[in-house]
Amino acid sequence: MILYEHPSSGNCLKVRVMLDQVGAAYERVELDLFAGETRAPEHFARNPDGRIPVLELDSGEFLPESGAILLHLAEGTAFLPADPLLRAQVHAWMFFEQNQVEANIGVARFLALSGRAESVPEVFADRQRRGRESLAALERGLGGNDFMVGNAYSVADLALYGYVHVADDAGVVLAEHPDVAAWVERVAALPGFEEPLSPMPAHARSRPL
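The sequence shown begins at 4 in my numbering and counts up one residue at a time.
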């Protein structure tokens, strides 16, 4: 398999971890999303939306979207419950992650680290506020448990971890949510999480949105 990705992306981090956790053999191809490589015709052939990550399967087919890739890789493993209700709960947290966590903490982090926050202060403040609300929801969702679903690690935890663990980069203080902060440490201690997110390259600041 081939993973088309960028090492500063939380969505790509999730997929790398899952590939390692299921013991998959794969090659990494880095695309510079800040230099427009994800908007090139050859990448649109992999993903019509032009985003990363994209996983090229051994069959030659392409699978985009981090959540879809995680679910595909986790099928038949302990990382995706067989019980229909637990599986639906995993899906629910993964939908929440893309709608609330990635869309707010992920975007606020990008604005902060790429030097764009000052040019859109109202947007940045709103994403931070919504990011804090998403962490509060996670705090309630954990309810004192070690993991998000069935009190066992699953792809839901991995999906959420991608941007929650770097919430401080977005100016969303993780320590204000102690159960979530403890959960981040618990997840990060599992195998596969050895490689952190890379810093955004310097030219990310000059690339137009």
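Backbone N, C-alpha and C fix where the C-beta goes; we use that ideal spot for every residue, glycine too.
One thing to note: V25 has its Cβ no nearer than 8 Å to the Cβ of L6.
The segment 175 to 194 makes contact with the segment 144 to 160: 3 or more CB pairs, one atom from each, lie closer than 8 Å. Per DSSP, the continuous alpha helix (DSSP H) segment holding Y166 begins and ends at V158 to V167. In the three-state reduction of the DSSP assignment, R112 falls in the helix class. When DSSP reads this structure, P67 sits in a beta bridge with V57. By the Cβ test, the segment 84 to 97 is not in contact with the segment 42 to 53, since fewer than three Cβ pairs between them sit closer than 8 Å. Judged by DSSP in its simplified three-state form, E179 adopts helix. Here DSSP, grouped into helix, strand and coil, assigns R19 to helix.
Ranked by how close their Cα comes to the Cα of L193, the residues H9, P10 and D23 have D23 in first place. Under the 10 Å beta carbon count, P44 is surrounded by fewer than 16 other beta carbons and is classified as exposed.
For E33, the enclosing beta strand (DSSP E) starts and ends at E30 to E33. Three or more beta-carbon pairs separated by less than 8 Å are not found between the segment 110 to 130 and the segment 56 to 67, which leaves the two stretches without contact. For E45, the enclosing alpha helix (DSSP H) covers residues P44 to F47.
Counting along the chain, L6 sits inside the beta strand (DSSP E) bounded by residues I5 to E8. Secondary-structure assignment with DSSP links V152 through a beta bridge to A155. Under the DSSP assignment, R133 falls in the alpha helix (DSSP H) whose first and last residues are P124 to L145. Scanning V110, G70 and M151 for the CA closest to the CA of D171 turns up V110. Here A77 carries a helix assignment [DSSP, helix/strand/coil].
The C-alpha of H75 is placed about 20 Å away from the C-alpha of G153.
Using a Cβ distance threshold of 8 Å, M21 and V167 do not count as a contacting pair. Following the DSSP letters along the chain, one finds L89 inside the alpha helix (DSSP H) bounded by residues P87 to F99. A residue is called buried once 16 or more other Cβ atoms fall within 10 Å of its Cβ, and T80, having fewer, is exposed.
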